[in-house]
Structure formats: C-alpha cells, structure tokens
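Everything in the sequence shown is counted per the numbering used here, starting at 1 for the first residue and increasing by one. Just so you know, even glycine gets a beta-carbon here, dropped at the ideal spot from N, CA and C. Owing to the predicted nature of the structure, the values given are computational and were not obtained by experimental measurement. Heads up: the structure comes next, in structure tokens.
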Amino acid sequence: MDKCKGKYGVTVEELRTLMEYRSTEAVEKINTSYGSIHGLCEKLNTDPNNGISEDEVLGRMDFYGKNEIPPPKAKSFFELVCDALKDATLIILLISAGISLALSFYHPDNGLEHDETEAEAGWIEGAAILISVIVVVLVTAVNDYTKEKQFRGLQSKIETEHKFFVLRNGISKEIYINELVVGDIAQIKYGDLLPTDGILIQSSDLKIDESSLTGESDQIKKSVEHDPMLLSGTHIMEGSGKMVVTAVGVNSQTGIIMSLLGAAKDNKKEETLNNDEKKELLENFELEGISSRANVEELKNKDKKERSVLQAKLTRLAIQIGYCGTVVAIFTVLVLFIRFCIDHYIISEKGFDINDIQYFISFLIIGVTVLVVAVPEGLPLAVTLSLAYSVKKMMKDNNLVRHLDACETMGNATSICSDKTGTLTTNRMTVVQSYINDVHHKQIPSFESIDKFTRELLINGISINSAYSTQVHPSKIPGGQKEQIGNKTECSMLGFVLDLGQSYQDIRKHYPEENHFKVYTFNSQRKSMSTVIKIDNGYRIYTKGASEIVLKKCRWMLGKNGEIVKMSQNQISDIFKNVIEPMASDGLRTIGIAYKDYTRQHKNKNDISFDGDIGWDNENAVINDLTLIGIVGIQDPVRPEVPDAILKCQNSGITVRMVTGDNIATARAIATQCGILKPGDDFLALEGKEFNKRIRDSNGEVSQAKLDEIWPKLRVLARAQPSDKYVLVNGIINSKISKNREVVAVTGDGTNDGPALKKADVGFAMGIAGTDVAKEASDIILTDDNFTSIVKAVMWGRNVYDSISKFLQFQLTVNVVAVVVAFVGACAIEDTPLKAVQMLWVNLIMDTLASLALATEYPTESLLNRKPYGRTSPLISSTMSKNIVGHALYQLVVLFTLIFCGDTLFSIKSGRYTPLHAPPTQHFTIVFNSFVMMTLFNEINARKIHGERNIFNGIFSNPIFYSIWIGTFIFQILIVQFGGRWFQTAPLTVDQWLWCLAFGIGTLLWGQVVTSVPISCISKRLSIGREDAEEFQRFLPETHRSDDHPEIRNGHILWLRSLNRLQTQIRVVNAFQAGINRHESIYFR
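Here's what the structure looks like:
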C-alpha cells in the first residue's frame, strides 16, 4: 500500500468526500480540486480512452479496496440450537421432564416398601424425554445449518455471475463486478444496475433512476456538464456512456448504507453499536439530499417474506390444527387430573403425598406430547425442504430462483405471457433480406452491386449508430457461428456489414464514440435510435428503428443508382405492401435505416439548411424529413424445441400468450410457427393501439369488464408497450370470470418490463438478454433465455405442490390417529397407550424423516397431464380428505381392538391400568409397534394423492425415500427389541412381529379399497382451503425479524411449533436474499 500511496494522487477519503457532492456543486468541486474530470483521471493514473492496465488491478484493490460488501455473519450451529430451543412446547417438555427426573430421586421415608426397579424406571422415563427433546433440537438445528450453508453457496454463485463492461488496455471486455477497481473506465448502458460509484466522462441521453437511494421516482438526467455523479445501486433507464469508477465495496454509497445497517461490520466499534445508536445514525445519514431512509424502508420491505398462495393456505391450516390440538391436549390433561383426583382422594380416600406430583407431571407430559404430535410442525420443514431441494435441482434446468415461493406458485400457473425474442426464438439474429436502392434482395447482395454513395451511408449508418459495446467476433471454431456480444439486433446488422466484406471496427476508429455530437438512444417509446455526428459544414444524423416508424419519418429515399427520390404516399404504401409485409410474413423483423444532413451549403435536394443553433431538444423536428437508405429483414428462428414445449403447456391447461414489440404480421407468423396460433382457431392477435381501444372506457380508464371480454381469446399482442403488458397481466390476475382464478407468469428482459414482472405471480427475467432492472424485478432467472425452461419450472412447481400435499395427507392421518388414541386412552384407562417417548419418536418419523422422504420426489412428465390447481383450488382435495379419513378409520379400529382386546387375542398380560413407572408390557408394545408399522406403510400410500392405484410406481427412482423408509424400519426393530424402559417397550416374539407387519401391510390393501370409493360419495365440504388467497391474509402473523430485535410473536400462536420453525427458516432465506437485494438482481449475460 505504501508503494501505491505515491502512485495515486487521490485517497479513498478524498474520493468518498467527492462523491457526497451533487449536480453543479459536484462539477465545481471537480473543476476546483482537479481541473476537470480528465484531471481526476490523471490523478487516478487512468486513461479515459483506454482504461487501466490489467497489471494494475491487484495494486488498486490493495489501495482502494475490493468491490465486495461482506455479508452478515452466519449464525453458528450453537445459535441455531438456541433458536430451536425457543419453541414453547419443547420448553414445557424440558421443564416437565426435569421435574420428573428430580422427583424420581426423591424417596421419602414413610415406612413403605419401594420397588427398586420402579425407582429406576422413574429416572429413565424423564431422561428418555430429555434425550428425545435434545434429538429433536439437534435435528432442527442441523436442518437449518445445512439450508443456510446451501443458500450462502447459492449467494456466492450469484455474486460471481454478475458481469460489467470495462475498458482495459484499450479493449472493451466483460469482467465480474467483484473485479472492478477504482480507476476502471466502465461502459454503461440502458438497463444496467450500477455496481460501483463513478463519475461520468462521456454520456448520451443518460437518465438514471435513483429511487433506491432517494425514494424519488423521477428519472434524473445525467451529463458531464451538469450532473456527472453516478451512485451504486441506481438503475440506468435510458442512454449510455462511460464513467470512471471512484468508489467500490464498503466505500460506495450502497456500501456505506449497508455498513450502517450492520451488513458490513468492519470494526469493533460498529459491532458494539446499540440499536438506538444505529437508528440515530440511519436517521441522520444524508448525503446532500440523498437520504438512507428510502433505502432502509426498501430493505425492510424486502425483508418481509411475500407469502404465496400455498403458504397462506398452509399457515391457516397449521393454525386451525394447532387450535384443535391445543383443545384436545388440554382436555386430555384435565381428564387425567380429574380421574386421578376422584379415584385417589375421593374413592380411595387417600391423602396428598409428595409422590403424587409425579402423576401430575406425567399427565402434563402426556398432554404436551399430544400437542407436539397434533401440531404439524413438519409442515414448514416439508415446505422448506421441498423448495430448497427444487431450487437446487432447478438450477440444472436453467432456472435460477430468486424467491423461493415462486417455485410452487409456478405449479399453479394458468397463463404465461411470454416475450418473443430470445424466449420463443433463438436470439441468434442474422440479416437475410434487404431492400436497397429500390431492389428487394432475398440474399445478401455483393458490396460492389450497391451504389457507392448508398453503401457508404449504409455501413456507416450501421457501424456508428449502434452501441460501441455491441460487437461481433469471428467464431473460434472453424465454420462455427460468429460470437455476438451485446444487443442482438445490432449484432445482426454489424454481421451484415461483415457479410458485405467491410469492417465496422475501422469505421468506429474513425468516428470514436466520444466524438458523437448527440445520441437519441433506443427506448420503447421511440422504437428507434439516432446518432448525430459532425461533417464538413454541418451535421449528419443516422437513424435506425422499426421499419414502419422510420418510414413514416422519411421524406426521401435513395432509389436506383443512389438517386435521391422524393417519396409520395403511394410509394410508402407500396414499400409497406411489397417489402415490409412480405418480410414480416416470413417471420422477419424489419429495420429501417435512414439519414439526414444539416448543412450550411445546400448541396443535395434532401439537405436541410441551417444558420445558427439547431434545436436538438426538439426531437420530433430533428428526427423527421429523413432519407431512407434501406430496409433489412432480420431472421430470428423459432427454437426447435419451443412448439413441443408450448403444446405441453396447452395440454396441461396453461394458456400461452405472446407479447412482443414486433409488428403484427411478424408476430402472427412467429406465433403460428410456435403453435400459439393455429389455423381455424377463434383467437385474437392485436396491436397495442387496438388493444387499448377495446379495453378502455370513454374516460380513457381501463375497464375490467371490457378487458374480461378480450383476454380469454387474446393470444398475440404486437407492437406492445411495456404498459400494455402490465395492463394485460394486472387484468388477468384481477379477473374473476374463471372458476379458480388465474395465476399468471410473465417473461421480460427490458428495463420497462419491471412493473409487469413485479405484478405477475411469477416473473421470469432473461439471464442472457435481460437487463439488470428486469432481473431485479423477477422471481426466477432463465439462464438460457429458453421457453422450455419455463415448462420445466411448471413441472418443478407442480412437484413442490404435490410433495407438500403428500406430506399433508400422511401427517394429518397420523395426527388424527395419535390424538384420538391419546384422548380416548386418557378417558378410558387413565393413561395413554402411546407413551411420551414413543410419541416423540412417531413425531420424528412423521415430521423430519417423512418430510425429507416425501419432499424429494423427482418430477415426471405425467405432472403435465393434469390441469393447474389455480388460485382458489382447495389445499386438501376431496380425494386427499377421503384418504385421510379412510386410513385413520382403519388404524383406529386396529389400535382400539388391540388396546381393549389385544391382551386376550395374544394371551398376554394386559397393559391397561398399570401403576406409574410399571415395567413395559408386550400388550402396549404391540399397540405402539402396530401404529408405527401402519404409519410406515401409509407413507407409501401417501406417495399418490390423485387416486392412482399403483402406489409403487417410481418408488425406486427416489433413493432418499426408500433409504429413509428402510432405515426407519430397522430403527423401529431396535427400539422394540432393545428399547426397554427407555422407550417403554418389551421385546416381541416372531408371531407378534408378524401380526404387527400384517396390520401395516393391511394399510396398503385398505388403501385400494379407499381408492375404489368414488369421489362423488365424498362431500365437497371435506375439501379444505378453497377460499381466495386474500382471505388468508388475516390469519398470517408478521414474519419480519431483524437480527437485533428478537421477534415478538403473536400471543394466539405462541405455542405453534410449526410457525416457529417457519420463522427460523425465513431468517435463513432472508440471509440469502440480503445478498441478492444488495446487488439487486441475479446476473447472467
């Protein structure tokens, strides 16, 4: 660092101070302190035209810091164990077990004889419960630790995938953002999210969205002369330019704010700040009008987990079951208390003895254990495991998931609004037709066959009037395709220049970007781009854009032999009819190329004379009276796999709509090739203007009723503005004309697609062609920009939904049986046939192990053979309810028969009415073992939830499932045969084991009987969770939690273990998302 100190003429502190200035004050500061922006570059040893040398990168990193913001410190395993121990029911169990353990060692000398084995049993039962609780806590902590490790690995992958263009050694190249250093010359363009602070050294029509820092939604115009300061975390909404990087990592504006929030604690002083000091710092932190409050609020809002349809339904179900479980647990304890008191103190007329407390503690343990079994705390674990497993696997299918809930929401999708370019097509654009000098070329013409003046304008117009970061390189493989970097439309036109045998690079060297007089960059409103350069005695404007837009602004054209011809309305119509429409019908995108000369000397008849200033801000006047150079037809072939993927979507009940900026003829041709439109179908293909006419009322407002008449038949929306896409998506989501309400997925790649992506139930951004702003607004990134990846996301989503439904069906069956047996046992025999430790083991089977087994099924093509669930479909279907009730009845009949008649049937000693701490009996061991066997075999039944008869289909395709099943079976044998007093079991004979197995296998046979019962016999009232998702919001507790403030849980669900688990898991997810939110999106270029 000391070596570097003399090398660079400006320090980190000086740059931080400089970046606090804004607008004209910043310009004055730069001019005062450094002479100019070029003076600052000299101090930084940076060449504004060629950038820095690769050899300097490490030295600059050492001196100015790395472009990294340290993530929040990960929770240690011990902290996760402490979190798991905060569960209310576990605390009650621990206290009860502790008291039981203590009382087992207390033996008052009352003259009575004591059974030594009974005394030994007393402490064993208490110790066994303690150990069981410890096992539950450790399993929970291990799960959370594993998930956090996985998410941090994903976060690390995300951060290393974001790339940015810089100039190094005079060459434009893409580097990872964590390799950016102070002094780099970064090339910025429309749609970028700035990863560092910087100062403009050249710009063209640059507009920035700084709302992430200021909260102001207005776009800020930036220029070297008036406001050159660019801040990290802001979005480029329009234009392009170059900036010199002045602050990276913790020294950038985002880094400073994140440091104050505690995300980057560089020193002990920051770590010891209390909450009040942090709050005061954040409230007072302002940098010349840029307040951190907006950023803080944004971060807080992003911390709140957006709940999906399924999560809302699951939470409501968990709360309802929890209430029922609490009531049953309280009644169980009360019945046991009252019966003991009546029998002991009234009927037997015994006095109170200190040992009686053991009974009361035992009753409390039974009650709490009933609650533990009743409350489905495995639900959130199943959800998280299924989502985490799916996220990991979806990465291999080119789906990078930003928001976990998007996984299962995609399974409910009923409508997909897809872009055309790159998603349905290959995004490998090439010019295949052209219209030059009034000749329509169906192949690439030779350069010599084109008029000399025309060809010069043509190659200059393409080479100069495009982003200089867009490049086409020869293939590294002989005979391979050219490598395209940047905007694909521009790449195709540069490729056209190369096909003509010319070099666009030579032209660009002659007309460097910094010499451009003015640039009107492309945006969705203009649908064109124009560049102004200086020529002798004036200016020349090159324009390219949508052919019909450019053609309408043309007054002249270069006809045969380059003759300048004035265009009549008939000629324009003929070009539309004979050139543009035939190209569009072939599925080609048509781009018009034109020019205009402002000269002081009127040489040609199409020249525009000027004397004095030209009103460059009057864009409509400047980009008008153009001269048409030519029209090119660009081919972007449909991906070969797309028609089949769209057919799969249609067969699975998903409607695919294409929303594109291309003209209606091109859009209709591509839609027909894809299978979105089919000959003879009564579907609509509309342009944006016609669409708006049909859906708006007399006041110009969108009418939902009118929109409901359009969207069901709409398949293609052409020449669509981003606002049109938003209106369409919003209208479909809000519509109530379909039975189960629509769930909408949207794809987008542009900056202005952000609102539609955010509004959609699932937003897909393009990983290759997508802008950073689009990625930030999305839920899932398509890393290959391919529509088939969306179909895979549908499969995974449906698989997640089904996996959770399988677990629900399995767990609710166990819940019903365990609770009923415990309650009836308490009422009938003053004891529960299933002991506390046994129920904790069953709980472990049905929660952690079953959720792991059922949540890791791999999706199959058969998932696409059914219709989507939709927004208001029931969480527990009639088929699932039938299975739950049917299997619960079978298990209850078997268990009650064993409880009340088992001793007679097996000719063994009865386990009913045994005293406290009595040795375990074979009778109740058979009850326990039969229950576990029926639960295990019912886990196989639970794999099928749609009435399938072949429950073994695909069972060996999931090694996790059969490994857990076999492992649990073996463990059950060990518990029964060797568990003894620890598990309250007595060893069983071979005959007894065979009977237990028979009851378990009987579950499979009974399952076939249950499947045979027609659904029509089941009341629809048995289906649960049919209401709209909005109805569930009132059941949802706040899940926002900060690291500094332990969450204050709502009192009415304090006892709800499942939500405590969910909150722990959400904190893990938030740790993962914090890194995403810091960089705003996932980046693939």
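A direct Cα-to-Cα measurement between GLY1007 and VAL814 gives close to 15 Å. Its chain contains LYS163 and PHE165 as the residues whose beta carbon lies nearer than 6 Å to that of GLU174, once the 5 sequence neighbours on both sides are disregarded; these appear in chain order. Per DSSP, reduced to three states, the secondary structure at LEU18 is helical. The bridge partners DSSP lists for TRP556 are LYS566 and THR627. If only uninterrupted beta strand (DSSP E) runs of at least 3 residues are considered, those enclosed by the segment 179-227 are 185-189, 197-209 and 219-222. Listed in chain order, the non-local C-beta contacts of GLN984 below 7 Å within the same chain comprise LYS835, VAL837, GLN838 and PRO920, local neighbours out to five positions each way being set aside. In the structure shown, ARG508 adopts helical secondary structure according to DSSP, grouped into three states.
Within the DSSP bridge table, the entry for LYS242 names GLN187 and GLN202 as partners. Nearest in C-alpha terms to ILE591, of all of ALA621, LYS566 and LYS552, is LYS552. Between the alpha carbons of GLY35 and VAL10 lies a distance of about 13 Å. Non-local beta-carbon contacts of LYS66 in its own chain, meaning distances under 6 Å to residues more than five positions away in sequence, involve GLY249 in chain order. For the set LYS482, PRO474, SER492 and ILE450, the Cα lying nearest the Cα of ALA467 is the one of SER492.
Contiguous alpha helix (DSSP H) elements confined to the segment 304-366 occur at 309-341, taking only those with 4 or more residues. Looking at the DSSP output, HIS441 sits in a beta bridge with SER434. By the neighbour-count criterion, in which a residue is buried when 16 or more other Cβ atoms sit within 10 angstroms of its Cβ, PHE352 is exposed.
Distance from ASP451 to ASN561 at the Cβ level is roughly 6 Å; contact confirmed, criterion being Cβ atoms closer than 8 Å. The criterion of a C-beta distance shorter than 7 Å is not satisfied by LEU385 and SER738.
Per DSSP, SER963 lies in no beta strand (DSSP E) segment; the continuous alpha helix (DSSP H) that holds it begins and ends at 959-978.
For LEU684, the enclosing beta strand (DSSP E) begins and ends at 684-687. Leaving aside the five residues that flank HIS403 on each side, the residues in its chain whose CB is nearer than 6 Å to its CB run, in chain order, ASP779. About 5 Å separates the Cβ atoms of ILE960 and THR856, confirming a contact at the 8 Å cut-off. According to DSSP, residue pairing for THR655 in a beta bridge involves SER415.
Between THR747 and ASP397, the C-beta gap is not smaller than 7 Å, which leaves the two residues out of contact.
Apart from sequence neighbours up to five positions away, the residues of its chain that approach LEU714 with a beta-carbon distance below 7 Å are ARG657, LEU684 and LEU686, ordered along the chain.
Burial of ASN941 is indicated by the presence of at least 16 other C-beta atoms within 10 angstroms of its C-beta. By the Cβ-count criterion, TYR345 is exposed, with fewer than 16 other Cβ atoms from all chains shown falling within 10 Å of its own Cβ. A distance of 7 Å or more separates the beta carbons of SER232 and ASP192. Only residues of its own chain outside the window of five on either side were considered, and among them ASN465, SER466, VAL519, TYR520, THR521, PHE522, THR543, LYS544 and GLY545 have a CB closer than 8 Å to the CB of MET529, listed in chain order. According to the DSSP assignment, GLU174 belongs to the beta strand (DSSP E) that extends over 171-176.
CA-to-CA, the gap between LEU889 and ILE973 works out to about 25 Å. One Cα belongs to ASP218, the other to ASP749, and the distance between them is close to 22 Å. Exposed is the label assigned to ARG866, since fewer than 16 other Cβ atoms lie within 10 Å of its Cβ.
Listed as beta-bridge partners of LYS163 by DSSP are TYR176. Contact between ILE177 and MET243 is absent: CB atoms are separated by about 14 Å, not below the 8 Å threshold. Annotation for TRP616: LYS518 and VAL622 place their beta carbon closer than 7 Å to its own, counting only its chain and skipping 5 residues before and after. Boundaries of the beta strand (DSSP E) around VAL532: 528-535.
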